[in-house]
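Please read the structure below before turning to the comments.
Residue numbers (this note's numbering): 172 to 444.
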């Protein structure tokens with residue numbers, strides 16, 4: 172069985188844990204946490220296609236292991252000194268994933284998330300994220316909208332304006348997939364978002380989420396769950412019960428405490444997986 176660092180190399184093209192998490196070696200705890208937060212949004216299994224879920228799950232679990240090392244002073248110091256990590260079985264099938272996320276991310280209200288969105292949109296951080304994803308995706312607007320935090324289809328014109336300015340200033344390459352994107356692809360993307368919005372509306376009614384969503388103070392969610400839910404709600408795709416679903420689908424055998432709820436959510440989604 173390959174070592175943990177070998178798996179990092181295989182799945183993230185690097186054995187450097189800082190590179191895997193996308194943070195500097197001098198990053199403080201909050202920066203490490205933020206790096207993990209962002210990477211988790213990109214690689215969580217529920218966003219993967221059916222034929223990519225197994226790979227996405229492995230990446231997601233590796234990120235959790237990397238975070239557990241870099242967020243722990245003693246483990247991080249040992250890694251910095253030796254470049255080695257313990258090759259324990261990091262894919263713990265019996266792990267309580269819901270508890271894991273509650274420990275890592277404090278509970279916040281939807282009001283907190285809206286404040287985060289207001290601060291993030293139009294910020295230098297968003298601009299840098301947009302630039303990074305534009306380059307890595309070679310200008311694929313589908314990937315850009317699926318990857319930028321808090322993005323919606325309505326952000327596309329704004330993103331295009333920012334990217335065109337970057338191209339003009341020679342900050343980034345003018346990729347054909349961006350500047351010469353076909354009308355058919357653009358229409359397909361808008362149709363997909365519209366379909367997701369309709370599906371979310373129906374699901375929200377079925378799960379009784381509408382009333383809950385109206386009261387920011389009563390909607391208490393863990394940070395990762397909430398940010399994912401808010402981002403996809405903006406796109407019109409509800410993700411209620413994300414953590415319970417994640418545990419039920421990817422946490423191994425799972426316990427009776429969350430199993431029933433996970434099954435209920437899958438029924439609500441029409442058993443797409």
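Glycine included, each C-beta is placed from N, C-alpha and C at the ideal position.
Is it buried or exposed, residue i, if we count other Cβ atoms within 10 angstroms and call 16 or more buried?
| i | result |
| --- | --- |
| residue 253 | exposed |
| residue 297 | buried |
| residue 412 | The pLDDT assigned to residue 412 is 44, lower than 50, so where the model puts this residue is not dependable; a value taken from the coordinates is nonetheless given after this. With 16 or more other Cβ atoms within 10 Å, it is buried. |
| residue 173 | exposed |
| residue 359 | exposed |
| residue 185 | exposed |
| residue 285 | exposed |
| residue 211 | buried |
| residue 241 | buried |
| residue 204 | buried |
| residue 232 | buried |
Return helix, strand or coil for residue i, following the three-state DSSP convention.
| i | result |
| --- | --- |
| residue 343 | coil |
| residue 448 | This structure cannot settle anything about residue 448, because the visible part of the chain is limited to 172 through 444. |
| residue 351 | coil |
| residue 370 | helix |
| residue 257 | coil |
| residue 398 | Confidence at residue 398 is low in this model, with a pLDDT of 48, below 50, so its placement is unreliable and the value that follows should be read with caution. Note: residue 398 maps to helix in three-state DSSP. |
| residue 390 | Note that residue 390 scores a pLDDT of 44, beneath 50, so its modelled location is shaky and nothing firm can be said. |
Which whole-angstrom value is the C-beta distance of residue i and residue j, which I expect to be below 8 Å?
| i | j | result |
| --- | --- | --- |
| residue 214 | residue 198 | So it is not a contact: roughly 19 Å between Cβ atoms. |
| residue 316 | residue 306 | With a Cβ gap of about 16 Å, residue 316 and residue 306 do not count as contacting. |
| residue 208 | residue 234 | Actually they are not in contact, since the Cβ atoms of residue 208 and residue 234 sit about 10 Å apart, beyond 8 Å. |
| residue 188 | residue 237 | 5 Å |
| residue 364 | residue 321 | So it is not a contact: roughly 15 Å between Cβ atoms. |
| residue 202 | residue 194 | 6 Å |
With distances taken Cα to Cα, identify the nearest neighbour of residue i among the options.
| i | options | result |
| --- | --- | --- |
| residue 192 | 370, 307, 230, 246 | 230 |
| residue 250 | 224, 350, 294, 175 | 175 |
| residue 355 | 313, 334, 317, 331 | 313 |
| residue 302 | 183, 288, 331 | 331 |
| residue 318 | 329, 362, 217, 300 | 300 |
| residue 335 | 351, 223, 212, 369 | 351 |
| residue 309 | 326, 338, 288, 282 | 338 |
| residue 326 | 344, 341, 361, 347 | 361 |
| residue 329 | 366, 293, 222, 247 | 293 |
| residue 347 | 202, 311, 369, 180 | 311 |
| residue 344 | 366, 373, 304 | 304 |
| residue 244 | 200, 342, 282 | 200 |
Runs of beta strand (DSSP E) wholly within the segment 278-324 (minimum 3 residues, chain order): Runs of the beta strand (DSSP E) inside the segment 278-324: 278-280.
In chain order, each alpha helix (DSSP H) run of at least 4 residues that lies wholly inside the segment 172-255: The DSSP assignment places complete alpha helix (DSSP H) segments of no fewer than 4 residues inside the segment 172-255 at 175-183, 188-192, 200-214, 224-241, 244-253, in order along the chain.
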